[in-house]
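Working notes, beginning with the structure itself.
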Amino acid sequence: MLSEVLAADNQAIDFFEVAPENWLPYGGKLASQFKALTERYAFACHGLSLSIGSPDPLDIDFVKQLKAFFKTHNIALYSEHLSYCSAGGHLYDLMPIPFTEEAVKHVAARVRTVQDILEQPLVLENVSYYAAPGQQMTELEFICEVLKQADCQLLLDVNNIYVNSVNHGYDAEAFLQALPTERVAYYHVAGHYQQAADLLIDTHGADIPDPVWQLLQQAYQEHGVKPTLYERDFNIPALSSLHHELATIRTLQQQALNSSARQKFAV
Numbered sequence: 549m550l551s552e553v554l555a556a557d558n559q560a561i562d563f564f565e566v567a568p569e570n571w572l573p574y575g576g577k578l579a580s581q582f583k584a585l586t587e588r589y590a591f592a593c594h595g596l597s598l599s600i601g602s603p604d605p606l607d608i609d610f611v612k613q614l615k616a617f618f619k620t621h622n623i624a625l626y627s628e629h630l631s632y633c634s635a636g637g638h639l640y641d642l643m644p645i646p647f648t649e650e651a652v653k654h655v656a657a658r659v660r661t662v663q664d665i666l667e668q669p670l671v672l673e674n675v676s677y678y679a680a681p682g683q684q685m686t687e688l689e690f691i692c693e694v695l696k697q698a699d700c701q702l703l704l705d706v707n708n709i710y711v712n713s714v715n716h717g718y719d720a721e722a723f724l725q726a727l728p729t730e731r732v733a734y735y736h737v738a739g740h741y742q743q744a745a746d747l748l749i750d751t752h753g754a755d756i757p758d759p760v761w762q763l764l765q766q767a768y769q770e771h772g773v774k775p776t777l778y779e780r781d782f783n784i785p786a787l788s789s790l791h792h793e794l795a796t797i798r799t800l801q802q803q804a805l806n807s808s809a810r811q812k813f814a815v
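Numbering (our numbering), first residue to last: 549 to 815.
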């Protein structure tokens, strides 16, 4: 999509999000094209390999590479998954961190180190997971405690809440309401694959279904209207087709803003 985006006037798109690992290795033409885009649009970075919950030592050299990349492209918003992807080597998947107090302390200390090096906040995403090894606390308790002890922000992934609520049998709206509003930096929304009535797979490869749209609307009402990224990682339609999804996001945002304004006026 790089050439198409460079050539088009994409007024429907407010910002892009990229995995920095996909761009760090490149120089030459690709690097200059990417720089041309980051000079035209706001960009956020969503990492894949920081492995914040890993038992392996934190990759300090990698964090320093990220810092230089962010400075080059004026990127102030960097998020990562509240998971890990390495243990004695890369695992090439996002693994669930045990929901334990020990893991909270481990992750929070690593987050503080990353923030100190980057000199900017690290935003952690609530992730989809399919098993909970060694669980001693709920997913919600774990997320909230990590955010508190690390003093970091939350990337609230609406689709992941819905997927987990089906797979693990909890109330998605109650989970959403209990998250700390003051920590929410921005939102992710995406589609998923239904393998069974009680098993959803977080794929980012399908249109956004109605229950996820409804939960996004609820998120705006509970935590406010914030930047919202539409994730589509494969089965990607034409860029023009994606604008329909963006229009729906804008509509929900405007409805939430109008509702908030009416409530203030009533008070």
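Virtual Cβ for every residue (Gly too), placed ideally from N, Cα, C.
Can you list, in chain order, the residues of its chain with a C-beta nearer than 6 Å to that of residue i? Leave out the 5 residues immediately preceding and following it.
i      : result
Tyr574 : none
Ser627 : His594, Val671, Glu673, Leu703
Pro775 : Tyr734
Under the three-state reduction of DSSP, which class applies to residue i: helix, strand or coil?
i      : result
Ile709 : helix
His621 : helix
Ser627 : strand
Tyr778 : strand
Tyr574 : coil
Cys700 : coil
Val566 : strand
Tyr768 : helix
Ala804 : helix
Ala809 : helix
Ala560 : coil
Ala786 : coil
Decide if residue i is buried, meaning its Cβ has at least 16 other Cβ atoms within 10 Å, or exposed.
i      : result
Gly601 : buried
Pro644 : buried
Ile691 : buried
Ile797 : buried
Leaving out five residues before and five after residue i in sequence, what residues of the same chain have Cβ atoms less than 7 Å from its Cβ?
i      : result
Ala635 : Ser602, Pro603, Asp604
Thr688 : Looking at the sequence provided, one finds Leu at residue 688 rather than Thr. For Leu688, where only same-chain residues beyond five positions count, the Cβ hits under 7 Å are Phe723, Ala726.
Gly637 : none
Pro757 : Gly739
Leu805 : Val773
Leu550 : Gln581
Suppose only complete runs of 3+ residues qualify. What are the beta strand (DSSP E) ranges in the stretch 635 to 684, listed by chain order?
Taken in chain order, the unbroken stretches of beta strand (DSSP E) that lie wholly in the stretch 635 to 684 and span 3 residues or more are 638 to 643, 671 to 673.
Alpha helix (DSSP H) segments (min. 4 residues) lying fully within the stretch 719 to 765:
If we require 4 residues or more, the alpha helix (DSSP H) runs fully inside the stretch 719 to 765 come out as 720 to 726.
Would you call the stretch 720 to 730 in contact with the stretch 768 to 787, where contact means no fewer than 3 C-beta pairs closer than 8 Å?
Taking 8 Å as the limit for Cβ pairs, the verdict is that the stretch 768 to 787 does touch the stretch 720 to 730.
For the 8 Å Cβ check, are there 3 or more pairs between the stretch 612 to 623 and the stretch 574 to 593?
Yes, since at least three Cβ pairs between the stretch 612 to 623 and the stretch 574 to 593 fall closer than 8 Å, the two stretches touch.
Three CB pairs or more closer than 8 Å across the stretch 739 to 757 and the stretch 685 to 703
No contact exists between the stretch 739 to 757 and the stretch 685 to 703.
Can at least three beta-carbon pairs, one atom from the stretch 656 to 671 and one from the stretch 680 to 689, be found at a separation below 8 Å?
Verdict: no, contact absent.
Is it a yes or a no for the stretch 708 to 719 touching the stretch 744 to 764, going by three-plus beta-carbon pairs under 8 Å?
Cβ pair count under 8 Å is three or more, so yes.
Just checking, does the stretch 644 to 654 make contact with the stretch 798 to 807 on the three C-beta pairs under 8 Å criterion?
Inter-segment contact for the stretch 644 to 654 and the stretch 798 to 807 is absent: fewer than three beta-carbon pairs are separated by less than 8 Å.
Counting pairs of Cβ atoms below 8 Å between the stretch 785 to 799 and the stretch 742 to 750, do you hit three or more?
In short, these stretches do not touch, since the Cβ pair count stays below three.
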